[in-house]
Amino acid sequence: MIRKGIAGSLLLVFAAIISFAQEFTAAASSKKIGIEDQVRVTYNISDMNSIEGFERPAFAGFVVVGTQQSINMGASFSLSYILEPVKKGVISIPPARAKVNGKIINSNPVSIEVVDGSLAPKRPAAAQRQRTVSPWGDDDPFEDMNRAMARMMEDNDRAMEEMMRQRQRMIEEYMRRQGGSPYRQLTEEEIARNIFIKVDVDKTSAFVGEQITASYKLCTRLGFESAMVSKLPTLSGFWAQDFDIPFPPKAKLENINGLPYNVMLLKKTALFPTQSGVLELDPAKIDCNTQVGTLHLSSPVVKITVKPLPVDNQPPGFTGAVGNFTADARVSRKDCTTDDVATLTFTISGSGNLKLIDNPVIDFPKELGVYDPEVTDTITGRSPAITGKKIFTYNFNPQMPGTYAIPPINFTYFDANAKTYKTVTTPSFEINVKEGKSYRQNLALDKKLPRDIHDIIKNDQQFEAPPGKPWAGKAWYWSVYSLPVLSFIGLLAWRKRREEWEQNAALFKNRKANKVAWKRLAMARKLLSEKEHTQFYEEISKAIWLYLSDKLSVPISELSKENITAELSLKNVPPEHIDATRNLITECEMALYSPSGGKQQKAQTLNEATSIITRLEDTLKQQS
Amino acid sequence: MNSYCAAQASSLWQKANSYYQQKQYDSALSCYRQIAATGKVNAGLFYNTANAYYRLNRIGSAVLYYEKALRLEPDNKMIADNLLLAKKRIDNPVAEVPPVFFERWWHGLLHAAGTNGWAVILLTLFCGTVALIYLSIAGKIRYSGRWIAFSSSLLLLTGLITFFSYQDAVNSGRAVVMAANTSLLDTPKPGSKISSNIPEGTTVKLIQENGTYVNVELPNGRRGWVSSSMLEKI
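Chains as they are written, first to last, in our numbering: chain C, 32 to 655; chain U, 20 to 253.
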């Protein structure tokens, strides 16, 4: 057991578990090797607890130069043999046998082709040396130790010497305290010096958001069977992004304080402080089964001073990005309808605290109906700094037709190396929105409503009695309508009269004739009592002539005693009236030239004239 | 006397607004009501009154006063916005059937020239038609029959628009439900079957009045009778 412990494998498999089905497999590290190379054949049993026995095959054609066993944290168990070929050709390794749960199971056979020379990178012939040194031959219990020492020698001769001395000491101690457990006597100080967890950080002072790379390493000078991480550091106050570390972990030789150690990387992490102040990297804890018993190892606490970002010249819109970035924005379409959903993609790429970058402040027009962004982070590279992309995808569904501008996005980050803020500006976009099929104006208006009611009106107001009835309800308005109606009627009447007058001017005169005649006769009546003999007959004569002229529509100059008869008979005046008229005219003519006759005769003539005009009037009126 | 009243109204206005700013909406409201009691009002007064009601969460009154303000200033966007916001606070609102496009056109037409504007247009058209008739009688124009037919139909249309515009101006024909869960009755009788409940703040169209009951049409087109005491005319 102890021998096994001393010869124990240095291989550790951390936290990760590879679970195998219950099976027993064999695998060679290489199918084709050179005669000068080594090959590793590994036997793997998935359930260690059920193994009751294991029988390795005869490695005919090979020399076993080392064995390694490892127990994964689950239950799988693997046993490796490091072989060196002794002859060329295709060498078949028969299956190994194991007793599991009382049954014998076989692994698969492995065949390896051995050719001339070496296919592996050139290495010093350490193995050769080791083989010659080894006094135990194939079953040397110190085989692995020797191999490890041999590898260390490749790097450092002093390490070899130290290892040899240590080995010598351990063997001496073993010899002295045979039957007991010699390593329990090692002081704690000695143990702590020989196995511990080391934390390396690339800087102990950083800005908030600046990357710090921390490595947790297990450093040991003791052999052990297994190790288990019992507690990983929580790293509170940081955003941590783990580096990929080789799996299974490989031991490397490192000089620490002048002593060679087998060093295994447990965890390598990029740390981005999220707050300022003195932050602590809390310890990682490992339970180790070593030859000195189970050890509980704990890493030291490392303090990091985190400086806050300068506030003085911090541009507005800074969203916490620290590192070195570029930014880009794209829209999926610039012309769309209210039915469509378009996308604005804002991408930040570069190295830094990608995950800690807040959403950018983008002043989208409200009408575009922008949804909350979908954010994706992708880390594309890890060394030396965390690089990748952060993509903000804004979907928007325009609410109202129109042309809207998405303003440029100013992305500001803090360059920790230059200790200044830097701003990247993306172009602006213009989105043309057309009315879609399902466009509803009311719905769109609803979306445009403010959150709260508009404030009250505060400026001075002129209060008025509420407006009364509109004009249409008032009497004066309707009375205005009578104006056109009345003027229409008036115009019509005026027009009618004018028409009559124009079309029948004679009738007009005719009507006037009677009046004129009567005036003349009235004048004559006045003259009756006076001595104005001539004037009297003149008036009567004029009355008759003018009357006839107007009535017959014949100018007075064209009238004569002769044509009067014809004209009057044309108007169907009875002949006795025509005769009476003619007699009266003759009488008047006679009287004008022979001024005889007294008052009595004059009165008779007047009566005669009156009666004639009356009778003519009656007749002529009937016709018109 | 008049200027004294105006000065008093102005000081009340300032006082009410400062109460409002101090979030003393009750006091602000009482001042606004005092101004309104003088009989001299304007859209701003109704608007502020409505805001105070809104702040007091009296949605029925808020809707009523926004509607009143909107009647005086139909194109005021602030009033329209606040009215919509007030309506959004109605519990279980009656679904509003959006007006059909020609209803919107018709209302736009009624408001396009204003009631008095339409009255003037009507008068002018009337004069024109009369003149046309005269000219046609006088035989001074050709195709007078066509012209008169055209002018008369225009006159008739304008007459209709003026009539409805006047109707609209004199009587909004609408009322706001002032009490929560007002019953919509099947018949205008006490104890009638309740067909549904109308939330406070719903604007209804008045169809017919029958004593203490009013036949109304809800925004979703449903009709029924409501006790007139539950309504306030806009």
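All C-beta atoms in this analysis are idealised placements derived from N, C-alpha and C, irrespective of residue type, glycine included. Computed from a prediction, not measured in an experiment: that's the story for all the values here.
- prompt: Can you tell me where the beta strand (DSSP E) with ILE113(C) in it begins and where it stops?
  reply: Secondary structure note for ILE113(C): its beta strand (DSSP E) is the uninterrupted segment 108-116.
Practice task
Out of LEU328(C), THR305(C), ASN614(C), point me to the one whose CA is closest to ALA223(C)'s CA.
Solution key: Nearest of LEU328(C), THR305(C), ASN614(C) to ALA223(C), Cα basis: LEU328(C).
* Does DSSP classify ARG123(U) as helix, strand or coil? -> Three-state result, ARG123(U): helix.
Flag this pair as touching only if the region 232-244 of chain C and the region 313-325 of chain C have three or more C-beta atom pairs under 8 Å; answer yes or no.
no
With a threshold of 8 Å between beta-carbons, can PHE121(U) be considered close to chain C, or not? no
Sequence-distant residues of the same chain with beta carbon closer than 8 Å to ALA157(U), five excluded per side: none
query: Can you give, in chain order, each stretch of the alpha helix (DSSP H) that sits fully within the region 61-115 of chain U and has at least 4 residues?
result: 62-74, 78-91, 96-107, all fully within the region 61-115 of chain U.
Query raised in the report: CA-CA distance, ALA35(U) and TYR51(U)?
Result: 6 Å
request  = Measure from the C-beta of VAL233(U) to each C-beta in chain C and report whether the shortest distance is under 8 Å.
outcome  = no
- Unbroken alpha helix (DSSP H) run spanning LYS592(C), endpoints: 592-601
Alpha carbon of ALA315(C) to alpha carbon of PRO432(C), nearest angstrom: 60 Å
Discussion item. Considering only DSSP beta bridges, list what GLY354(C) is partnered with.
Written reply: GLY383(C)
Worksheet item: Just the Cα atoms here: how many angstroms apart are GLN632(C) and SER580(C)?
Response: Taken atom to atom, the span from the alpha-carbon of GLN632(C) to that of SER580(C) is near 26 Å.
> Is DSSP giving GLU54(C) helix, strand or coil here?
Replying inline: coil
Worksheet item: Straight-line CA distance for LEU590(C) to LEU651(C)?
Response: Their Cα atoms are separated by approximately 17 Å.
| query | Rounded to the nearest angstrom, how far is the Cβ of ILE217(U) from that of LYS87(U), given a contact under 8 Å? | reply | Their Cβ separation, rounded to whole angstroms, is 20 Å, which puts ILE217(U) and LYS87(U) out of contact at 8 Å.
Report the CB separation of ILE571(C) from THR636(C) in whole angstroms; it is logged as a contact under 8 Å. 6 Å
Subject >> Under 9 Å (Cβ pairs) to chain U, residues found in the region 506-523 of chain C >> reply: TYR508, VAL511, TYR512, LEU514, PRO515, VAL516, SER518, PHE519, LEU522, LEU523
Using only CA atoms, which one of LYS298(C), LEU601(C), GLY521(C), ARG364(C) lies nearest to PRO429(C)?
ARG364(C)
Interface partners of LEU579(C) on chain U, CB under 8 Å: Those within 8 Å of LEU579(C) in chain U number zero; the least Cβ separation is about 37 Å.
Closer than 7 Å between beta carbons: that is the criterion. Which residues of the region 395-408 of chain C meet it against chain U?
Cβ contacts with chain U come from no residue of the region 395-408 of chain C.
query: Alpha carbon to alpha carbon, how far is PHE183(U) from ILE226(U)?
result: 15 Å
* Within its chain, find whatever has a CB closer than 8 Å to the CB of PRO415(C); leave out the 5 residues flanking it on each side and keep chain order. => Contacts found: THR244.
Exercise for the section: Can you tell me which of the three DSSP states PHE349(C) falls into? Expected result: strand
Which residues in the same chain as ILE708(C) place their Cβ atom closer than 6 Å to its Cβ, once the five residues preceding and following it in sequence are excluded?
-> Residue 708(C) lies beyond the range of chain C shown here (32 to 655); nothing can be said about it.
| Over what stretch of residues does the alpha helix (DSSP H) that includes VAL189(U) continue unbroken? | 163-189
With DSSP as the reference, label LEU250(U) as helix, strand or coil.
-> strand
- [ ] State buried or exposed for GLY354(C), treating a residue as buried only when at least 16 other CB atoms are found within 10 Å of its CB.
- [x] So GLY354(C) ends up on the buried side.
Report task. Measure the C-alpha to C-alpha separation of PHE93(C) and VAL121(C) and round it to an integer number of angstroms. Result -> Counting only the Cα atoms, VAL121(C) lies some 12 Å from PHE93(C).
* To do: Tell me, to the nearest whole angstrom, how far the beta carbon of LEU302(C) is from that of LYS248(C); I am working on the premise that it is less than 8 Å.
  => The Cβ separation is near 16 Å, so there is no contact.
Exercise for review: Check the Cβ-Cβ distances between TRP502(C) and every residue of chain U, and say whether any is below 8 Å.
Suggested key: yes
**Request:** Could you have a look at GLN161(C) and say whether DSSP puts it in helix, strand or coil?
**Result:** Caution is warranted here: a pLDDT of 40 is assigned to GLN161(C), below 50, making its placement in the model unreliable, and the coordinate value is therefore given only provisionally. If DSSP states are grouped into helix, strand and coil, GLN161(C) belongs with the helices.
CB LEU129(U) to CB VAL196(U), shorter than 8 Å?
no
Pair within 8 Å by beta-carbon distance, ALA352(C) and TYR444(C)
yes
Original post:
So what's LYS557(C) in DSSP terms, helix, strand or just coil?
Top reply: helix
* Does DSSP put THR300(C) in a helix, in a strand, or in coil? -> strand
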